[in-house]
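Mapping the sequence shown onto my numbering, position 265 (from 1) lands on 395, and the numbers just tick up by one.
Written below as structure tokens is the structure these notes are about.
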Amino acid sequence: MRVFNFAPGPAALPLEVLEQARDELTDWRGSGMSVMEISHRSKAFVAVATEAEADLRELLSIPDEYKVLFMQGGATAQFAAIPLNLTQPDSSVDYVNTGSWSVKACGEARRYCKVNVAADAAASNYTSVPPPSRWQLTPGAAYLHYTPNETIGGVEFPFVPQVDAPLVADMSSTILSRPINVSRFGVIYAGAQKNIGPSGLCVVIVRQDLLGRARAGTPSVWNFKAMADDGSMLNTPPTFAWYFAGLVFKWLKRQGGVAAMGERNRAKAELLYRTIDGSGFYRNPVEPACRSWMNVPFVLADGALDQTFLTEANQAGLTNLAGHRSVGGMRASLYNATSIDAVRALSEFMLEFARRHG
Ligand SMILES: Cc1ncc(COP(=O)(O)O)c(C=O)c1O
Numbered sequence: 131m132r133v134f135n136f137a138p139g140p141a142a143l144p145l146e147v148l149e150q151a152r153d154e155l156t157d158w159r160g161s162g163m164s165v166m167e168i169s170h171r172s173k174a175f176v177a178v179a180t181e182a183e184a185d186l187r188e189l190l191s192i193p194d195e196y197k198v199l200f201m202q203g204g205a206t207a208q209f210a211a212i213p214l215n216l217t218q219p220d221s222s223v224d225y226v227n228t229g230s231w232s233v234k235a236c237g238e239a240r241r242y243c244k245v246n247v248a249a250d251a252a253a254s255n256y257t258s259v260p261p262p263s264r265w266q267l268t269p270g271a272a273y274l275h276y277t278p279n280e281t282i283g284g285v286e287f288p289f290v291p292q293v294d295a296p297l298v299a300d301m302s303s304t305i306l307s308r309p310i311n312v313s314r315f316g317v318i319y320a321g322a323q324k325n326i327g328p329s330g331l332c333v334v335i336v337r338q339d340l341l342g343r344a345r346a347g348t349p350s351v352w353n354f355k356a357m358a359d360d361g362s363m364l365n366t367p368p369t370f371a372w373y374f375a376g377l378v379f380k381w382l383k384r385q386g387g388v389a390a391m392g393e394r395n396r397a398k399a400e401l402l403y404r405t406i407d408g409s410g411f412y413r414n415p416v417e418p419a420c421r422s423w424m425n426v427p428f429v430l431a432d433g434a435l436d437q438t439f440l441t442e443a444n445q446a447g448l449t450n451l452a453g454h455r456s457v458g459g460m461r462a463s464l465y466n467a468t469s470i471d472a473v474r475a476l477s478e479f480m481l482e483f484a485r486r487h488g
């Protein structure tokens, strides 16, 4: 039996896609082999890889002047790859700090170049996005980095920043959750394990004029141009994850694409926030305009009930609701594969739990 899985990542995947992968696991397209057992350079796998990229391009309307890279090392590797590819040691870069993942991205960049924290939400305990009018931008910055959705704090930008420097976005927990205008960005990167597929893959969408700027000493596998020139096959890519991502992209197209997902995701998030706000028992600390559609953290009126809540939720088939270890409380992640039915079941459970313990 499948549970309702609210994991933050690795996260729930569409059942239809899991079943398809299961059905073709040992004999992929009549080959007598698994897709994992064939060369990444075979005609058959190259076709899979090419189709996955084409579907992603279609889903996000990625313009031709952008390269799509299928890389390894997760989003964390990109925290270093971004400055390695876009700066020299004397370059300055701007970072907007809205939570744990921005802090990590920023910390890594400091090892390579001069980092200016243009805006910092630490003072508000990461419950909002600082208004752009107060950002302190560096003239001539090599780029501005931000985290459109903070997975742990549940803070999401309600706007795309408008800056002169190339915009770099860590979209790990928001990519494909709604339409975006790719042409506003210099680089978009996203670890796969939330809205794309299994972990081990990181999608990087990079504007071509930003290729070829890597500093000397950049490892080839982290060099955007080297990867782009080799079709992301400079070395052996994570073939199963790439194949699986391709199946997810097809599933997304069958769902009506990212516009339809956006409507669904908005409805899911609205339902859960309504439940929280109307309960008088649960609380979400994030400023309403910056509340995430993908990750909804909340606390109970009495923290002593946390364990009981988690145990009873598990018994009701509602899993992976514990907040991140650094903040505690609860968090429900509502990525694309999480249905409105799952969110309804969670809301009903929460209200019933509040009635019994409130
Ligand atoms: C927004 C964001 N950035 C970066 C990461 C780190 O990703 P990875 O573990 O794939 O390196 C995560 C992981 O959850 C994340 O949510």
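From the three backbone atoms N, C-alpha and C, an ideal C-beta is built for every residue, glycine too.
Short Cβ contact (8 Å threshold) for residue i with residue j
i    : j    : result
F136 : S463 : yes
L306 : M391 : yes
N425 : T281 : yes
V312 : L190 : yes
T304 : N279 : yes
V226 : A248 : yes
I326 : K398 : no
S126 : G162 : The structure shown has nothing for residue 126, since the chain only spans 131 to 488.
S422 : V285 : yes
A322 : V333 : yes
G387 : D185 : no
Any non-hydrogen atom of ligand 1 within 7 Å of residue i CB
i    : result
W231 : yes
S303 : yes
D95  : With the chain covering only 131 through 488, there is no way to say anything about residue 95.
T449 : no
G237 : no
G204 : yes
G139 : yes
Q445 : no
D300 : yes
G321 : yes
T281 : yes
S329 : yes
T277 : yes
Cα-Cα separation, residue i to residue j
i    : j    : result
V223 : Y373 : 35 Å
K355 : M480 : 49 Å
T405 : V416 : 15 Å
D339 : I192 : 15 Å
L451 : V133 : 12 Å
A272 : P296 : 7 Å
S350 : G204 : 16 Å
M301 : E482 : 35 Å
R345 : S329 : 28 Å
A419 : T156 : 47 Å
A179 : L435 : 48 Å
D432 : A484 : 11 Å
Y196 : D153 : 34 Å
W265 : V259 : 11 Å
Q385 : A467 : 11 Å
L199 : G361 : 7 Å
N- and C-terminal bounds of the beta strand (DSSP E) containing residue i
i    : result
K197 : Y196 to M201
F428 : N425 to L430
D360 : Per DSSP, D360 belongs to no beta strand (DSSP E) and is neither H nor E.
Y225 : S222 to N227
A333 : The question names Ala, but residue 333 is Val in the sequence shown. Note, V333: beta strand (DSSP E), C332 to R337.
First and last residue of the uninterrupted alpha helix (DSSP H) at residue i
i    : result
N353 : Note, N353: premise wrong, no alpha helix (DSSP H); not H, not E.
N444 : D436 to Q445
P213 : G204 to L216
A174 : K173 to L190
K324 : Looking at the DSSP string, K324 is not in any alpha helix (DSSP H), and its letter there is neither H nor E.
A467 : Premise fails: A467 is in no alpha helix (DSSP H) and is neither H nor E.
I406 : G387 to S409
(message) Runs of 3 residues minimum, wholly inside the segment 271-317: which ones carry the beta strand (DSSP E) assignment?
(response) 274-276 and 297-300
(request) At 3 residues or longer, and completely inside the segment 229-266: list those beta strand (DSSP E) runs for me, N to C. (result) Counting whole runs of 3 or more residues, the segment 229-266 contains the beta strand (DSSP E) stretches 244-250.
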